[in-house]
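*Asks:*
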Amino acid sequence: MPDSYDDAFMDALRLQGDELADATVEALFTGGHVARFNTLMRWFTTSGQPLPDGLPEPARDYLNATATAPDWVDWTMMEEARRFFIDNDVHISTALSFASMPACYMVPHVARLLSATHSLDYPSRRMAETGQFTVYLMQPDAFEAGGRFLPSAQKVRLLHASIRRHLRTAGRWPEPVAICQEDMLGGLMMFSIQVLDALHRLGIHMTEQGAEAYYYAWRVVGAILGCDPAVIPPDLQAAREFSDRYMLRHMGPSEEGAHLTRQLIDLYEEVVPGTLLDPVVPALIRFLVGDTAADWLRVPRSRWDDVIKVAPALLGVIERFEDRGPWAAQLSDRLGRLVTNLELTSLTRGRVMHYAIPEELKPDHGVPATNRWAPPPPIVTS
Amino acid sequence: MSRDETAKSHDEVVYLAAGVADVVLGGARSVLRRLPGLGEVRRELRARGELAWGRTAPVSESHMEVLARRAGERGAPRVSDAGE
Chain A
1 MPDSYDDAFM
11 DALRLQGDEL
21 ADATVEALFT
31 GGHVARFNTL
41 MRWFTTSGQP
51 LPDGLPEPAR
61 DYLNATATAP
71 DWVDWTMMEE
81 ARRFFIDNDV
91 HISTALSFAS
101 MPACYMVPHV
111 ARLLSATHSL
121 DYPSRRMAET
131 GQFTVYLMQP
141 DAFEAGGRFL
151 PSAQKVRLLH
161 ASIRRHLRTA
171 GRWPEPVAIC
181 QEDMLGGLMM
191 FSIQVLDALH
201 RLGIHMTEQG
211 AEAYYYAWRV
221 VGAILGCDPA
231 VIPPDLQAAR
241 EFSDRYMLRH
251 MGPSEEGAHL
261 TRQLIDLYEE
271 VVPGTLLDPV
281 VPALIRFLVG
291 DTAADWLRVP
301 RSRWDDVIKV
311 APALLGVIER
321 FEDRGPWAAQ
331 LSDRLGRLVT
341 NLELTSLTRG
351 RVMHYAIPEE
361 LKPDHGVPAT
371 NRWAPPPPIV
381 TS
Chain B
1001 MSRDETAKSH
1011 DEVVYLAAGV
1021 ADVVLGGARS
1031 VLRRLPGLGE
1041 VRRELRARGE
1051 LAWGRTAPVS
1061 ESHMEVLARR
1071 AGERGAPRVS
1081 DAGE
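Protein chains in written order, with the working numbering: chain A, 1 to 382; chain B, 1001 to 1084.
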């Protein structure tokens, strides 16, 4: 970790892409293998599946090199993270949907990139799938034969590399590197520490251990998705620094950001039954991201903006309700799973596959939240 | 209705709702047994609501709000620049 994430450090990250994936994509393009690769890879979806015959050599090398999790992964921490995720499934997916997604849109060049590269193909989907990695990751077999996590990550890395290449060769990007290390790490912060910020805002009780494990899982995801492991902030305090610095460097209003936010809100309103509760979605976004950024994104205001402030109190009530006994916990679990499913499924337009919360950790559930953890305060800037 | 009055009536709704939730949780029977009139129920609910609110409401504002304001002060483009 550097002494501080100053502008010089962050600027240097803007010039770096993802060396391994970039080289692979370059070789596939120059060798004219892209179409063949795509056809063959269509059916490659789970770990342990043999690589299709006839794969171009660079692709085979890349897939072999990235077929397993990094060897430094601490599996005890991952288990802890899974427990944290199970305990907070509904809150985490709420935070991913209504805080992380809008945070992506708050960075004008990220919003521009999403619009430019996916305007025909439902722009929110790309980022939503990144959020969904947590879900894949939290499957008990995520890294074993049959798991879907690693193959999808392998494909996403190549997708990013190809976008980088397309934008560079077409001269369509104002900077030397699109989806650079700074932006990938910035995205990682939105799905990790910023989710913890949102949970805190919702009044969710977290232990330090749980928060650290959740962040750790995202460090692993980041490394698998092509972030340079040497640069990924090592702990929550460093993540706070990086996250705040990144947002302060780039956040602001943009036409694309407002447009994407509108699409996101429409999408949720479609899946919330009826129209009565429609304004809850913008109100929740506004509650989580605050008025200034919500105005940048043109999140509509409504009477619900005040009502939604009860959310933390209600969640507190649910928490205490769960303590009443196994039947109450079970009922609230069911409701929670329904909401989680609805939120994540709508984000990906029902393309969520194999979405299931692992069952076997449930007996461990219900460890009382002692030593309540709160995210570090905003960094002090000069 | 002035802005202040609107805010007050919103507070009222919020506190009442929190109070109702709190009563449900605290066991409605014991509370209702002690309360004869509707007016008193309302007062009790509101008081309970304020307490419940104080217990669970977030003490801090949105982290992103702090950053956004700071970015704004440092000269992030104004909303109107985004093309209203």
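All C-beta atoms in this analysis are idealised placements derived from N, C-alpha and C, irrespective of residue type, glycine included.
Starting from Tyr62(A), trace the alpha helix (DSSP H) in both directions and tell me its first and last residue.
*Replies:* Note, Tyr62(A): alpha helix (DSSP H), Glu57 to Ala65.
*Asks:* Restricting to Cα atoms, I'd like to know which of Ile232(A), Arg262(A), Pro102(A) and Arg157(A) is closest to Tyr62(A).
*Replies:* Taking only the C-alpha atoms, the option nearest Tyr62(A) is Arg157(A).
*Asks:* Count the C-beta pairs between the segment 84–99 of chain A and the segment 197–216 of chain A that are closer than 8 Å, then say yes if the count reaches three, no if not.
*Replies:* Result yes; three or more Cβ-Cβ pairs closer than 8 Å.
*Asks:* Should Gln181(A) be labelled buried (16 or more other beta-carbon atoms within 10 Å of its own) or exposed?
*Replies:* So Gln181(A) counts as buried.
*Asks:* CB Tyr5(A) to CB Leu260(A), shorter than 7 Å?
*Replies:* Contact flag unset, no.
*Asks:* When we look at the beta-carbon of Leu120(A) and count the other beta-carbons within 10 Å, is it buried (16 or more) or exposed?
*Replies:* In this predicted model, Leu120(A) has a pLDDT of only 39, less than 50, meaning its place in the structure is not dependable enough to derive any value.
*Asks:* To the nearest angstrom, how far is the alpha carbon of Ala81(A) from that of Ala223(A)?
*Replies:* Between Ala81(A) and Ala223(A), the C-alpha separation is close to 16 Å.
*Asks:* Just list the residues that DSSP pairs Thr207(A) with in beta bridges.
*Replies:* Thr207(A) pairs with Arg372(A).
*Asks:* Looking at chain E, is there any beta carbon in it that lies within less than 7 Å of the beta carbon of Ala293(A)?
*Replies:* The chain inventory of the structure shown lacks chain E, comprising the protein chains A and B.
*Asks:* Check Trp173(A) in the structure and name its three-state DSSP category.
*Replies:* Coil.
*Asks:* Could you say which of Leu248(A), Glu269(A) and Ala374(A) lies nearest to Val380(A) if we only look at CA atoms?
*Replies:* It is Leu248(A).
*Asks:* What number of angstroms, rounded off, separates the C-alpha of Val411(A) from the C-alpha of Pro234(A)?
*Replies:* Residue numbering for chain A in the displayed model covers 1 to 382; residue 411(A) lies beyond these limits and cannot be assessed.
*Asks:* The alpha helix (DSSP H) that contains Pro102(A), what's its start and end?
*Replies:* From DSSP, the alpha helix (DSSP H) with Pro102(A) extends over Met101 to Tyr105.
*Asks:* Could you please give the first and the last residue of the uninterrupted alpha helix (DSSP H) stretch that includes Glu241(A)?
*Replies:* Per DSSP, Glu241(A) belongs to the alpha helix (DSSP H) from Leu236 to His250.
*Asks:* Using DSSP with H/G/I as helix, E/B as strand and the rest coil, what is Pro282(A)?
*Replies:* Three-state DSSP puts Pro282(A) in a helix.
*Asks:* Report yes or no: is there a C-beta of chain A within less than 7 Å of the C-beta of Ala1068(B)?
*Replies:* It does: the Cβ of Ala1068(B) has a partner Cβ on chain A nearer than 7 Å.
*Asks:* Can you pull the chain A residues whose beta carbon is under 8 Å from the beta carbon of Glu1065(B), in chain order?
*Replies:* Per Cβ cutoff of 8 Å: Val289, Gly290, Asp291, Thr292 and Ala293.
*Asks:* Rounded to whole angstroms, what's the CA-CA distance from Gly186(A) to Ile232(A)? Just pull it up for me.
*Replies:* Straight-line Cα distance between these residues: approximately 10 Å.
*Asks:* Nearest CA to the CA of Pro387(A): which residue from Gln154(A), Leu288(A), Tyr246(A) and Gly210(A)?
*Replies:* As shown, chain A starts at 1 and ends at 382. That puts residue 387(A) outside it, with no answer to give.
*Asks:* Measuring straight from C-alpha to C-alpha, what distance separates Ala8(A) and Gln237(A)?
*Replies:* Straight-line Cα distance between these residues: approximately 20 Å.
*Asks:* Is it a yes or a no for the segment 207–218 of chain A touching the segment 40–51 of chain A, going by three-plus beta-carbon pairs under 8 Å?
*Replies:* Judged by Cβ distances under 8 Å, the segment 207–218 of chain A makes no contact with the segment 40–51 of chain A, as fewer than three pairs qualify.
*Asks:* Which residues in the same chain as Met10(A) place their Cβ atom closer than 8 Å to its Cβ, once the five residues preceding and following it in sequence are excluded?
*Replies:* The residues are Glu182, Arg245, Tyr246 and Arg249.
*Asks:* What are the start and end residues of the alpha helix (DSSP H) that includes Val25(A)?
*Replies:* Start and end: Glu19 to Thr30.
*Asks:* Can you look up Thr45(A) in the DSSP assignment and give me helix, strand or coil?
*Replies:* Note: Thr45(A) maps to coil in three-state DSSP.
*Asks:* DSSP three-state call for Met1001(B): helix, strand or coil?
*Replies:* Residue confidence is low: Met1001(B) scores 48 on pLDDT, short of 50, so the model does not pin down where it sits. No coordinate-derived value is stated.
*Asks:* In this structure, how does DSSP classify Ser4(A) when only helix, strand and coil are distinguished?
*Replies:* Here Ser4(A) sits in coil by DSSP.
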